[in-house]
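Chains as they are written, first to last, in our numbering: chain A, 131 to 441; chain B, 192 to 442.
Everything below concerns the one structure shown next.
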Amino acid sequence: MASVERYRIRRPGRAVMAAIEVRQVSKRFGALQALADIDLEVRKGEFFGLLGPNGAGKTTLISILAGLARANTGSVRIMGHDVTLDYRSARRALGVVPQELVFDPFFTVRETLRNQSGYFGLRANDRWIDEVMESLDLTAKADVNMRALSGGMKRRVLVAQALVHKPPVIVLDEPTAGVDVELRQGLWQFVKRLNSDGHTIVLTTHYLEEAESMCARIAMLKQGRFVALDSTANLLRRLPSMHLRLRLRSGQWPAALEAVDAGGARVVKLRSYGEVESVLTVLREARCEIEEMDLQQPDLEDVFMEIMRSK
Amino acid sequence: MTGFPTLLYKEVLRFRKVAFQTVAAPVLTALLYLLIFGHVMDRHVRVYEAVSYTTFLVPGLVMMSVLQNSFANSSSSLIQSKMTGNVVFVLLPPISYLEFFSAYVLAAAIRGLVVGAGVLLVTTPFVALPARELHWIVLFALAGSVILGALGLIAAILADKIDQVQAFQNFLIMPLTFLSGVFYSVHSLPAFWQGLSHYNPVFYMIDGFRRGFFGISDVDPRMGFAVVTGCFIAVSAVALMLLKRGYKLRY
């Protein structure tokens, strides 16, 4: 062991180690380039969102982080541990909630969690397992066979399985797909708590409003490449326009005011709040009477659609 | 040795939970073979001078059960996990390919040996078996069970569907065990088939195992054990290589 220690390479000048470090990772499946030269750094304690349409490479990237798939080129480190060279430490540092609702029909919830814990070398872990079950409202189902659980309950067990070894980095691959509203909110509260306890969270989801409210930073993947990687606030600022929606009670819409028809109403694109004033002035001068008006901020969905369209 | 003890425990717990199907059923099957073949053939066939046919048959049936159930355990466990996707639970933790191999193969061997012991137990009312060279009984039972356990692992790794594992079982394992001298001595075969039998590794397992009971065998048990050991090394090497590469498990 001593000789191994001696040759361990220290990396100088890295004051803060990243939770996840992806360097020039590429992955091919036959003719399909699933990931092309991806670079990514997720800092410790971050709540990070990984977005993209189906087939963009999100799950492939997660699989490479988890060692379920192997990159053709490049390297990945979890908490400083290379996922192939030092896979034991890397996997200990990572908890993955897989996208598919998988379970082992031979076992009860408690057996499932005990086994999972044992695979990480933790064979006397009942206190933590009980705590995780409690947090996820699984205690009443502890001795129920996995087969007998509803989809939502199975999803919770998957989350619990990812946490049995207290990993500092947790990856959730579309954890709320097909999950009812109540469980979704409960799950997010729990994940938020994990994040505030210091866990790094990486999340993929198709519900963009969830990503917008939860993630501080977001990467968007398209055809195996990042097309955006920025803080959520900056991404939202990318679309300068707000939408002012107006419905007139009387009067003719002034031709000078550029607008899009939207089901009887008109939508005017604005760059700032200040422009509201001038729109209203033009309407007043044209003797228009307003029946309805509302101002819509761009949300992540608009930004997402815009980025996916343009790149 | 991080995950090995738990993976072994989980694999044993898996077949224990359905013991009626994984242990009781094959014991019953072997008993039926004994009743039918023993009853029909006992007066007509005598393989060794001092041994009745039914007595001769029992060690063969025991070993056949050991081998088939070892194979069935590792192959069905892994293919089911692959099909349902829950194999990720054992791929995500820090379990090395050597631990993975050892746990699946050992659990398979345990299932095979438990079924074999069961068959031996239920046949005691019918035959009085000697155990002249106990060490061969133990050695061949262990070697046979781990080889078939490793073979089951390979079948499940290579297969994409459950039918393919069943094909492996029906078209390879079954013929090899049935044509290995479970029900007869290869000496009773025509020369060609007798020669061919010597290329069947299962023949050496059955023959060596039976040697342990009666002190007589078709070939020298030391030679037989050398063949069986060689098989174990070859089969394990293939299984370990597949696991190390992550073939059809990690993409």
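Idealized CB from N, CA, C, for every residue including glycine.
None of these values were measured; they are calculated from a predicted model.
Between A/V398 and A/L374, the beta carbon gap of about 5 Å places them in contact (Cβ cut-off 8 Å). Between the C-alpha atoms of B/K208 and B/L198 there is a straight-line separation of about 15 Å. Between B/V318 and B/T245, the CB-CB gap stays under 8 Å. Annotation for A/D303: K188, T189, I192, V226, V227, P228, Q229 and T334 place their beta carbon closer than 8 Å to its own, counting only its chain and skipping 5 residues before and after.
The beta carbon of B/Y438 sits no closer than 8 Å to any beta carbon of chain A.
Distance from the CA atom of B/L283 to the CA atom of B/K435, rounded to whole angstroms, is 15 Å.
Per DSSP, reduced to three states, the secondary structure at A/K188 is helical. Under DSSP, A/G160 takes part in no beta bridge, so it has no partner.
DSSP places B/D351 outside both helix and strand once states are collapsed to three, so it counts as coil. The beta-carbon of A/P228 is placed less than 8 Å from the nearest beta-carbon of chain B. Straight across, the Cα-Cα distance linking A/L351 with A/R173 is about 19 Å.
Under the three-pair Cβ rule at 8 Å, the stretch 287 to 307 of chain B counts as touching the stretch 260 to 279 of chain B. The three-state secondary structure of A/Q154, taken from DSSP, is strand.
Close partners of B/V279 in chain A (Cβ separation under 9 Å): A196, L198, V226, P228, E230 and V232.
Going by beta carbons, B/F394 and B/L344 fall outside the 8 Å limit. Closer than 8 Å to the CB of B/T275 there is at least one CB belonging to chain A. The continuous stretches of alpha helix (DSSP H) do not include A/E422, which lies in the beta strand (DSSP E) extending over residues E419 to Q426. For A/V357, the uninterrupted beta strand (DSSP E) run begins and ends at R355 to S361, by DSSP. When C-beta distances to chain A are compared with 9 Å, the residues of the stretch 285 to 310 of chain B below that value are P285, I286 and S287, in chain order. Any Cβ of chain A closer than 8 Å to the Cβ of B/G340 would place that residue at the interface, and such an atom is absent. Secondary structure of A/N202 (DSSP, three-state): coil.
Under DSSP, A/L374 takes part in a beta bridge, and its partners are A/V398 and A/L425.
With the criterion set as a beta carbon lying under 9 Å from some beta carbon of chain B, the members of the stretch 278 to 299 of chain A are Q291, A292 and H295, in sequence order. It is roughly 56 Å from the alpha-carbon of A/A149 to the alpha-carbon of B/F400. When B/F374, B/K201 and B/S272 are compared, the shortest CA-CA separation from B/G229 is found for B/F374.
Within chain B, the residues placing a beta-carbon under 7 Å from that of A/Q246 are F280, ordered along the chain.
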